[in-house]
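Peer 1: Following this message is one structure expressed as structure tokens.
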Amino acid sequence: MALISMDHEAMDGHAKGTDAIGAALEEHMSAIKKLVGSLDGTFESRHAGVKFREIQAQTDQMQIAIRQTVGDHARVTRGGNQGMQDADAVSGSGFAGV
1 MALISMDHEA
11 MDGHAKGTDA
21 IGAALEEHMS
31 AIKKLVGSLD
41 GTFESRHAGV
51 KFREIQAQTD
61 QMQIAIRQTV
71 GDHARVTRGG
81 NQGMQDADAV
91 SGSGFAGV
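The numbering of the sequence shown is UniProt numbering, which starts it at 1 and goes up by one.
Below is the structure:
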């Protein structure tokens, strides 16, 4: 059952990689938000101020969407890994997880 064990390890590694990607994206989005925030008040015209607030709102929405997507992907990966471990236990392969 070594092949099944490799699958578990690969899925676990993938989930951990997804977490790392999520953390990097979160850091990146925080940096963008700081940059956008630092521009607040630098616009003299009313139109530019409105555009700034639109950019700020879009940045917030993007961060929320990225956080949700990465989190969902990690949960699905972990759920698949747990399902494979459960199937192994039922079939008697003796694999107890990674």
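Quick reminder that beta carbons are idealized off the backbone N, C-alpha and C, glycines included.
1) Indicate the three-state DSSP secondary structure (helix, strand or coil) for residue 25 in the structure shown.
2) With distance defined between alpha-carbon atoms, name the residue in 8, 25, 9 nearest to residue 63.
3) Quick check: residue 33 and residue 69, are their CB atoms within less than 9 Å of each other?
4) Buried or exposed, going by whether 16 or more other CB atoms sit within 10 Å of the CB of residue 15?
5) If you draw a straight line from the C-alpha of residue 83 to the C-alpha of residue 52, how long is it?
6) Are residue 56 and residue 8 closer than 9 Å when you measure CB to CB?
7) Can you tell me which of the three DSSP states residue 35 falls into?
8) Hey, how far is the Cα of residue 17 from the Cα of residue 79?
Peer 2: Answer, in terms of the structure:
1) Walking along the sequence shown from the start, residue 25 turns up at place 25. The answer is helix: DSSP assigns residue 25 an H, G or I state.
2) Along the sequence shown, read from residue 1 onward, the residue named residue 63 stands at position 63. Of the listed residues, the one whose Cα sits closest to residue 63 is 25.
3) For the purposes of this step, residue 33 is identified with residue 33 of the sequence shown, where counting begins at 1. For the purposes of this step, residue 69 is identified with residue 69 of the sequence shown, where counting begins at 1. Not a contact, by the Cβ cut-off of 9 Å.
4) Taking the first residue of the sequence shown as 1, we reach residue 15 at position 15. Its Cβ being crowded by 16 or more others within 10 Å, residue 15 is buried.
5) Taking the sequence shown and counting its residues from 1, one reaches residue 83 at position 83. Taking the sequence shown and counting its residues from 1, one reaches residue 52 at position 52. When rounded, the distance between both Cα atoms is 46 Å.
6) As a first step, residue 56 must be located in the sequence shown, where it is residue number 56. As a first step, residue 8 must be located in the sequence shown, where it is residue number 8. Going by C-beta atoms, residue 56 is not nearer than 9 Å to residue 8.
7) Position 35 of the sequence shown, counted from the start, is the residue given in the question as residue 35. Of the three classes helix, strand and coil, the one that applies to residue 35 here is helix, per DSSP.
8) Taking the sequence shown and counting its residues from 1, one reaches residue 17 at position 17. Taking the sequence shown and counting its residues from 1, one reaches residue 79 at position 79. Using only the alpha carbons, I get a separation of about 15 Å.
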